[in-house]
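K.L.:
Each protein sequence line maps, in turn, to chains C and D.
This note's numbering puts the first residue of the first sequence at 285, with every later residue one more than the last.
This note's numbering puts the first residue of the second sequence at 285, with every later residue one more than the last.
This structure is in structure tokens; I'll ask about it shortly.
Protein chains: 2
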Amino acid sequence: MDLRPHAHDGERLATACREAGLKATPQRLAVLKALLTSREHPGPEAVFRQVRGELSSISLATVYKTLDALEAAGLVERVTPLSDGRRYDANRTPHHHLVCTTCGRIEDHEDPALAPPVPPQLGGFQARSVRVEVLGVCAACRREA
Amino acid sequence: MDLRPHAHDGERLATACREAGLKATPQRLAVLKALLTSREHPGPEAVFRQVRGELSSISLATVYKTLDALEAAGLVERVTPLSDGRRYDANRTPHHHLVCTTCGRIEDHEDPALAPPVPPQLGGFQARSVRVEVLGVCAACRREA
DNA sequence: AAACTAGATGAGAACTATTCTCAACTAGAA
DNA sequence: TTCTAGTTGAGAATAGTTCTCATCTAGTTT
Chain C
285 MDLRPHAHDG
295 ERLATACREA
305 GLKATPQRLA
315 VLKALLTSRE
325 HPGPEAVFRQ
335 VRGELSSISL
345 ATVYKTLDAL
355 EAAGLVERVT
365 PLSDGRRYDA
375 NRTPHHHLVC
385 TTCGRIEDHE
395 DPALAPPVPP
405 QLGGFQARSV
415 RVEVLGVCAA
425 CRREA
Chain D
285 MDLRPHAHDG
295 ERLATACREA
305 GLKATPQRLA
315 VLKALLTSRE
325 HPGPEAVFRQ
335 VRGELSSISL
345 ATVYKTLDAL
355 EAAGLVERVT
365 PLSDGRRYDA
375 NRTPHHHLVC
385 TTCGRIEDHE
395 DPALAPPVPP
405 QLGGFQARSV
415 RVEVLGVCAA
425 CRREA
């Protein structure tokens, strides 16, 4: 279900929550609406500020919990799936990363065929490099499950 | 210069630092060596633990500063360029992100031609989704510079 | 419609990751 | 050898995120 065209329609959002097994609370609807109407890829703090306008009593902790819940339900996505702490790599040859969403392990994957070319210019945006992350489950975690 | 084949050769690493305009301190060489010999994409804490083995007096703050310096010098890369806080997106249609490395703004970019197919299986790794991030400088930041 | 209950919320404390500050130190230049 | 800009170590400070728990409420049951 694409929620965007009807972002202002509370009942649709409520239904989406319920279908995902979440209670349709005013807080959740407000957070969801804020994300649906924003183009800024906001973080928790920004969502909090935005939502406070219509729900002045909401707490920051609730925003965090709500974002987690909406993400787990697949209604919202983290632009930064790897954002739990930094990770470094000294391998300077072009390669992709296979990120295990279960254990967090990151494997290098060199496959020139899969490598997208660095696009030169996209609109007014000047590209420098491209990163590709493949999210999934690694061999070890699959064995356990 | 690819440093990996000679990761044990201190003088090569020292030269690489100097060429990048950094003093070749034992701390830097140790951090660099730790990254070059690891396949784990370690974070600052892991590097710290590793490096302590040979340089017991090194401090965590130095590891952070060193990682920043090596990254700025291009000797090392952050696997997680967007890791300064979480960002969310409710746009569930497939698209890329154009990430401005100057101001941090993230733009959506829908371009089916550029979209890589989700690979089914890579070795033992079961892929679920692919993310593509294009790093560069946005129009607004280019105007200022 | 009223009662019930699992799940959700708010507030602040707690925790973790990261950055800052600054005096002491040292690599590399002169 | 001397000099100096850049670097380090230690701990304090800050920022981001999670936890705890008493209270509340959405949705279900009666």
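Beta carbons are placed, not taken as given, at the ideal position from N, Cα and C, and that holds for glycine.
All values reported here derive from a predicted model rather than from experimental measurement.
In angstroms, rounded to a whole number, what distance separates the CA positions of D:D373 and C:K307?
P.N.:
On the second sequence, position 89 is the one that residue 373 of chain D refers to. On the first sequence, position 23 is the one that residue 307 of chain C refers to. Cα to Cα, D:D373 sits roughly 21 Å from C:K307.
K.L.:
What does C:S413 reach in chain D if we use C-beta pairs closer than 7 Å?
P.N.:
By 1-based counting over the first sequence, the position of residue 413 of chain C is 129. Under the 7 Å cutoff, chain D gives L419.
K.L.:
What beta strand (DSSP E) runs, 3 residues minimum, are completely inside the segment 349–394 of chain D?
P.N.:
Runs of the beta strand (DSSP E) inside the segment 349–394 of chain D: 380–384 and 390–393.
K.L.:
Inspect the beta-carbon positions of C:V360 and C:L419 and report whether they are closer than 9 Å.
P.N.:
In the first sequence, residue 360 of chain C corresponds to position 76, counting from 1. In the first sequence, residue 419 of chain C corresponds to position 135, counting from 1. No, they are not a contact pair.
K.L.:
Here's a check: name, in chain order, each residue in its chain whose Cβ is nearer than 8 Å to the Cβ of C:I342, leaving out the five neighbours to either side.
P.N.:
Counted from its first residue, the first sequence places residue 342 of chain C at position 58. So the qualifying residues of the chain are Q311, A314, F332, V335 and R336.
K.L.:
For chain C, find out if any of its Cβ atoms is closer than 9 Å to the Cβ of D:E295; answer yes or no.
P.N.:
In the second sequence, counting from the first residue as 1, residue 295 of chain D sits at position 11. Not an interface residue.
K.L.:
Going by DSSP in three states, D:E417 sits in which element: helix, strand or coil?
P.N.:
Counting from 1 along the second sequence, the entry for residue 417 of chain D is found at position 133. Reduced to three states, the DSSP call for D:E417 is strand.
K.L.:
Quick one: residues in its chain with C-beta nearer than 7 Å to the C-beta of D:H379, no 5 flanking neighbours on either side, listed in chain order?
P.N.:
Sequence index remark: in the second sequence, residue 379 of chain D carries index 95 (1-based). Result list for D:H379: D392, H393 and E394, in chain order.
K.L.:
Under the three-state reduction of DSSP, which class applies to C:A300: helix, strand or coil?
P.N.:
The residue you call residue 300 of chain C lines up with position 16 of the first sequence. The answer is helix: DSSP assigns C:A300 an H, G or I state.
K.L.:
Starting from the Cα of C:T377, find the closest Cα among D:G305, D:G369 and D:G358 and give me that residue.
P.N.:
Indexing the first sequence from 1 puts residue 377 of chain C at position 93. If we check each option's Cα against that of C:T377, D:G358 comes out closest.
K.L.:
Grab the span of the alpha helix (DSSP H) containing D:E329 for me, first residue to last.
P.N.:
Looking up residue 329 of chain D in the second sequence gives position 45. Per DSSP, D:E329 belongs to the alpha helix (DSSP H) from P328 to R336.
K.L.:
Grouping DSSP H, G and I as helix and E and B as strand, with all else coil, what is D:R426?
P.N.:
Along the second sequence, read from residue 1 onward, the residue named residue 426 of chain D stands at position 142. Collapsing the DSSP output to three states places D:R426 in a helix.
K.L.:
In whole angstroms, what separates the C-alpha of D:P365 from that of C:G369?
P.N.:
Taking the second sequence and counting its residues from 1, one reaches residue 365 of chain D at position 81. Taking the first sequence and counting its residues from 1, one reaches residue 369 of chain C at position 85. Taking the straight line from one Cα to the other gives about 11 Å.
K.L.:
Mark C:C387 as exposed unless 16 or more other C-beta atoms lie within 10 angstroms of its C-beta, in which case mark it buried.
P.N.:
To locate residue 387 of chain C, count along the first sequence from 1; it is residue 103. With fewer than 16 Cβ atoms within 10 Å of its Cβ, C:C387 is classed as exposed.
K.L.:
Using the beta-carbon count (16 or more within 10 Å), is D:P326 buried or exposed?
P.N.:
The count along the second sequence starts at 1 and reaches residue 326 of chain D at position 42. Classification for D:P326: buried.
K.L.:
Less than 9 Å between the C-beta atoms of C:G297 and C:P328, yes or no?
P.N.:
Here the question's residue 297 of chain C lines up with position 13 in the first sequence. Here the question's residue 328 of chain C lines up with position 44 in the first sequence. What sits at residue 297 of chain C in the sequence shown is Leu, not Gly. No, the pair does not count as a contact, with Cβ atoms beyond the cut-off.
K.L.:
Assuming D:L320 is part of the alpha helix (DSSP H), what are its boundary residues?
P.N.:
The sequence position of residue 320 of chain D within the second sequence is 36, counting from 1. DSSP places D:L320 inside the alpha helix (DSSP H), whose first and last residues are P310 to L320.
K.L.:
With distance defined between alpha-carbon atoms, name the residue in C:T321, C:L316 and C:N375 nearest to C:T346.
P.N.:
By 1-based counting over the first sequence, the position of residue 346 of chain C is 62. Answer by Cα proximity: C:L316.
K.L.:
Helix, strand or coil: how does DSSP classify C:L406 here?
P.N.:
Position 122 of the first sequence, counted from the first residue, corresponds to residue 406 of chain C. Three-state DSSP puts C:L406 in a strand.
K.L.:
Hey, does D:C301 have any beta-carbon neighbour from chain C nearer than 9 Å?
P.N.:
Here residue 301 of chain D is taken as the residue at index 17 of the second sequence, counted from 1. Not an interface residue.
K.L.:
Can you grab the Cα-Cα spacing for the pair D:T299 / D:R427, in whole Å?
P.N.:
As a first step, residue 299 of chain D is located in the second sequence; it is residue number 15 there, counting from the start. As a first step, residue 427 of chain D is located in the second sequence; it is residue number 143 there, counting from the start. Roughly 36 Å between the two C-alpha positions.
K.L.:
Any idea what DSSP makes of C:A397, helix, strand or coil?
P.N.:
As a working mapping, residue 397 of chain C is identified with position 113 in the first sequence. DSSP places C:A397 in coil when its eight states are reduced to three.
K.L.:
Starting from D:F409, find everything on chain C with Cβ-Cβ shorter than 9 Å and list it in chain order.
P.N.:
The residue labelled residue 409 of chain D in the question sits at position 125 within the second sequence. Listed by position along chain C, the residues whose Cβ is nearer than 9 Å to that of D:F409 are L382, C384, E391, H393, V418, G420, V421, C422, A423 and R426.
K.L.:
Is it true that the CB of C:A429 sits closer than 9 Å to the CB of C:V416?
P.N.:
Taking the first residue of the first sequence as position 1, residue 416 of chain C is located at position 132. Taking the first residue of the first sequence as position 1, residue 429 of chain C is located at position 145. Not in contact: C:V416 and C:A429 (Cβ atoms no closer than 9 Å).
K.L.:
Which one or two residues does DSSP pair with D:A345 in a beta bridge?
P.N.:
Locating residue 345 of chain D in the second sequence gives position 61, counting from the first residue. Answer is none; D:A345 lacks a bridge partner.
K.L.:
Does chain C have any CB closer than 9 Å to the CB of D:A308?
P.N.:
If you number the second sequence from 1, residue 308 of chain D lands on position 24. Taking Cβ atoms only, chain C never reaches closer than 9 Å to D:A308, which makes this a no.
K.L.:
Comparing the C-beta of C:T346 with each C-beta of chain D, is any distance below 9 Å?
P.N.:
Residue 346 of chain C sits at position 62 when you count from the first residue of the first sequence. C:T346 does not count as touching chain D.
K.L.:
For D:Q405, which residues of its own chain have a beta-carbon under 8 Å away from its beta-carbon, when the five flanking residues on both sides are left out?
P.N.:
Here residue 405 of chain D corresponds to residue number 121 of the second sequence, with the count starting at 1. Result list for D:Q405: A411, in chain order.
K.L.:
For C:G369, go through chain D and note every residue whose CB falls closer than 9 Å to its CB, in chain order.
P.N.:
Position 85 of the first sequence, counting from 1, holds the residue named residue 369 of chain C. Within chain D, the residues near C:G369 are G327, P328, E329, T364 and S367.
K.L.:
Around the C-beta of D:L344, are 16 or more other C-beta atoms found within 10 angstroms, so that it is buried, or is it exposed?
P.N.:
Within the second sequence, numbered from 1, the residue matching residue 344 of chain D stands at position 60. The residue is exposed, with fewer than 16 neighbouring Cβ atoms inside 10 Å.
K.L.:
Kindly list the residues whose CB is nearer than 7 Å to the CB of D:R371, restricted to its own chain and excluding five residues on each side of it in sequence; keep chain order.
P.N.:
Sequence index remark: in the second sequence, residue 371 of chain D carries index 87 (1-based). For D:R371, same chain residues with a beta-carbon under 7 Å away, outside a window of 5 residues either side, are I390 in chain order.
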